[in-house]
Each structure stands twice: as structure tokens, then as C-alpha cells.
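K.L.:
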Amino acid sequence: MERKEQGTPHYNKVNPFVIIKGGATKFIDFVEKVFDGKENKQVRTPDRDGTLIHAEIQIGDSMILLADSKSDWPFTPAFLQIYVDNAQQILDKAKAEKAEIVTELSTFTMG
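Start counting the sequence shown at 1; every next residue gets the next number (UniProt numbering).
1) Going by DSSP, what residues sit across from Thr107 in a beta bridge?
2) Evaluate the contact criterion for the region 40 to 57 versus the region 17 to 29: three or more CB pairs, one atom per stretch, below 8 Å.
3) In this structure, what does DSSP give as the bridge partners for Ser62?
4) Look up Glu39 in the DSSP assignment and say whether it is helix, strand or coil.
5) Excluding the five sequence neighbours on either side, which residues of its own chain have a C-beta within less than 8 Å of the C-beta of Thr76, listed in chain order?
6) Could you check which residue in Leu91, Leu52 and Ile59 has the C-alpha nearest to that of Glu32?
7) Could you round the C-beta distance between Phe17 and Leu52 to whole angstroms and report it? I think they count as a contact, below 8 Å.
8) List the endpoints of the continuous alpha helix (DSSP H) containing Ile90.
Right under this line is the structure:
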């Protein structure tokens, strides 16, 4: 049986998601200037308060996802975005291993 790849075409299987305290836009500017990074402006998602809740910047063949931290979020310097075939099954396994679930599964705006 042919296996259909999941995920977004320009992402790798594992993608770092960096949480930045009060400076996601500055981080993007820095990466663009220093590493010739290219922001994917189509997915930039500002929150009502002006902070970024999602942005992406590509360096070479690698994608970094990022957001500004929120005051009510626990300190988390980074996440890893990992594509899996059955997200609910993986989440259930993580719960069984006593993982702290920060956000339940949901459909993101990109699918």
C-alpha cells in the first residue's frame, strides 16, 4: 500500500517551534539579516494584542516556526512540531506516559 505523506509540503518531519518573550518580529528581522532567512508572510498570524501567535521563517532547507509568548503561558522556550500518522493515538500514548498536555488536538487554520 502506498503511504501518503502527511503535513505541510515545505515542512520537514520535525520542525522547531520557538517561543520568544516579547520579540518575535525582532527575531524574524535578525534571522533575515544574519542568515538570509525568508519569512513566509502568508502564514504570519497576529493576535488581537499585536503579538504573533504564528510565524515561519526559512533558512536554507529548514523551517523555524515561532510565536511571541503570552503572559498566561507557562515558560516554554521551544516546542517541536512532529508530523505523525495518527495524532490522537500519539496523544493518548503521551497521556499514558504522564505527559503534560498544554493544548488538546485541534484543526489549525492550515488544515
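Even glycine gets a Cβ: it sits at the ideal position worked out from N, Cα and C.
P.N.:
A quick look at the data gives this:
1) In the DSSP assignment, Thr107 forms no beta bridge with any residue.
2) As far as the Cβ criterion goes, the region 40 to 57 touches the region 17 to 29, which means the pair count is three or higher.
3) In the DSSP output, where bridge partners are listed per residue, Ser62 has Ile59.
4) Reduced to three states, the DSSP call for Glu39 is strand.
5) Only Ile19, Ser69 and Val102 meet the Cβ criterion.
6) Cα-wise, what sits closest to Glu32 is Ile59.
7) That pair is no contact at about 12 Å.
8) For Ile90, the enclosing alpha helix (DSSP H) starts and ends at Ala87 to Ala96.
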